[in-house]
Amino acid sequence: MSSLNTIYYGPTKDFEKLIDEDSNILNLRDLVKMMDSIESFNKWLENKPEIPYILLCYGEAFYSIREHFIENLPSVINYLFIDGYIDSCLMQNPPSAFIQSMKRVFKGNLEENEYKHKNISKQSLIKIAEKYKDEIVGQDEALVEILSTLYPLVNRLDEKPIVMMFYGPAGVGKTEAAKIINDSLDQGGILRQQMSMFQTSDFASYLFGGTLEAPSLAKDLMKREGNVILFDEFNRCSPYLYSAFFQMFDEGIYIDKNYEVGL
1193 MSSLNTIYYG PTKDFEKLID EDSNILNLRD LVKMMDSIES FNKWLENKPE
1243 IPYILLCYGE AFYSIREHFI ENLPSVINYL FIDGYIDSCL MQNPPSAFIQ
1293 SMKRVFKGNL EENEYKHKNI SKQSLIKIAE KYKDEIVGQD EALVEILSTL
1343 YPLVNRLDEK PIVMMFYGPA GVGKTEAAKI INDSLDQGGI LRQQMSMFQT
1393 SDFASYLFGG TLEAPSLAKD LMKREGNVIL FDEFNRCSPY LYSAFFQMFD
1443 EGIYIDKNYE VGL
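Position 181 of the sequence shown, counting from 1, maps to 1373 under the numbering used here, and the rest follow consecutively.
In structure tokens form, the structure reads like this:
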């Protein structure tokens, strides 16, 4: 087995740039569907392709897989490699259990790539200052604090994420300030979550992880194109949810039941 398998962390638009459309492609969703029936899977195995497939695993394809099978799936993929059904595998945002199992099965024959978010430049800071002054009135001191907080990112003096709290009454430009920062980076939309809505057990599952098919913050973080994340009305969510954010704010890592995301 000489081909390289790639795990990609990032949005679908960028993941699809890795795909050679002229290749013989097998989607993970189709493979799993065939494997639900032993008869269908055996029949498929009888028709070995002349040109091995590239196994294409979109992030959404993992959602429909039963969780107890996730850890065993890499062994099936390895079997298909050995017997010449597939010769490479492209995987987008797989769950942690799948990644760990892939590393055990494929060892060194595994590459991990991630979407590159734009760094803040001095020009970005100038754009932020100009747009801020045009759109927000009477907040010059806040602008100075924002620019001085963002400046270390220009020279990448710290790999940790910059965390800023905008606090004040309604209408002073808190949300707009976050949008201005995002727009000045010219890369994708802002990821915004309205924290006042985080009051039910469903939202606890969204933060800490539930079933694979359920929505989660980790999935949204991995799929984002922009690099500004806004938790709006953070003070209005239940305090017991705060612990979900501690490691993210301190180390730039978000971990839930199913995923680990580097920011």
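Cβ atoms here follow ideal geometry from the backbone N, Cα and C, with glycine treated the same way.
{"Item": "Can you have a look at G1202 and say buried or exposed, based on whether 16 or more other CB atoms are within 10 angstroms of its CB?", "Value": "buried"}
{"Item": "Cα separation between K1449 and S1316?", "Value": "36 Å"}
{"Item": "What span of residues does the beta strand (DSSP E) with D1424 cover, start to end?", "Value": "1421-1424"}
{"Item": "Short of 6 Å in beta carbon distance, which residues of its chain neighbour I1199, apart from the five on each side in sequence? Order them along the chain.", "Value": "M1283, E1304"}
{"Item": "Assuming V1420 contacts L1377 (C-beta within less than 8 Å), just tell me the rounded distance between them.", "Value": "7 Å"}
{"Item": "Report yes if the CB atom of N1270 is closer than 8 Å to the CB atom of Y1245, and no otherwise.", "Value": "no"}
{"Item": "Keeping to the same chain, check which residues put their C-beta closer than 8 Å to that of G1360; ignore five residues upstream and five downstream.", "Value": "K1366"}
{"Item": "Consult DSSP for N1180 and reduce its assignment to one of helix, strand or coil.", "Value": "With the chain running from 1193 to 1455 in the structure shown, residue 1180 is simply not present."}
{"Item": "E1405 to Y1451, Cα distance in whole Å?", "Value": "12 Å"}
{"Item": "Where does Y1307 sit, in a helix, a strand or coil, going by DSSP?", "Value": "coil"}
{"Item": "Is it right to say D1258 is buried, meaning 16 or more other beta carbons lie within 10 angstroms of its own, or is it exposed?", "Value": "With the sequence shown as reference, residue 1258 is identified as Arg, and Asp is not the correct amino acid for it. Exposed."}
{"Item": "If you follow the beta strand (DSSP E) that D1279 is part of, which residue opens it and which one closes it?", "Value": "1278-1284"}
{"Item": "Given 8 Å as the limit, is there contact between the stretch 1377-1393 and the stretch 1411-1419, that is, 3 or more CB pairs closer than that?", "Value": "yes"}
{"Item": "For the beta strand (DSSP E) containing N1374, name the first residue and the last one.", "Value": "Unbroken run through N1374 is the alpha helix (DSSP H), 1366-1377; no beta strand (DSSP E)."}
{"Item": "Tell me whether K1205 is buried or exposed, calling it buried when 16 or more other Cβ atoms sit within 10 Å of its Cβ.", "Value": "exposed"}
{"Item": "Could you tell me if Q1331 is buried or exposed, where buried requires 16 or more neighbouring beta carbons within 10 angstroms of its beta carbon?", "Value": "buried"}
{"Item": "Inspect the beta-carbon positions of E1252 and S1293 and report whether they are closer than 8 Å.", "Value": "no"}
{"Item": "Given this structure, state the Cα-to-Cα distance separating W1236 from M1226, to the nearest angstrom.", "Value": "8 Å"}
{"Item": "Which whole-angstrom value describes the C-beta separation of V1297 and P1266, a residue pair presumed to lie in contact below a C-beta threshold of 8 Å?", "Value": "4 Å"}
{"Item": "Pop quiz: L1191 and M1440 are said to be a contact at Cβ under 8 Å. What is the actual Cβ separation, rounded to whole angstroms?", "Value": "Missing from the structure shown is residue 1191; the chain here goes from 1193 to 1455 and no further."}
{"Item": "Below 6 Å CB to CB, which residues in the same chain sit around L1220 once its five sequence neighbours on both sides are set aside?", "Value": "C1249, A1253"}
{"Item": "Using C-beta distances below 7 Å, list every residue in its chain close to K1314, excluding the 5 sequence neighbours before and after it, in chain order.", "Value": "V1346"}
{"Item": "Per the DSSP calculation, G1454 is bridged to which residue(s)?", "Value": "I1445"}
{"Item": "Let's see if you can read the secondary structure: which residues bound the alpha helix (DSSP H) around N1239?", "Value": "Note, N1239: premise wrong, no alpha helix (DSSP H); not H, not E."}
{"Item": "Helix, strand or coil for R1348 per DSSP?", "Value": "coil"}
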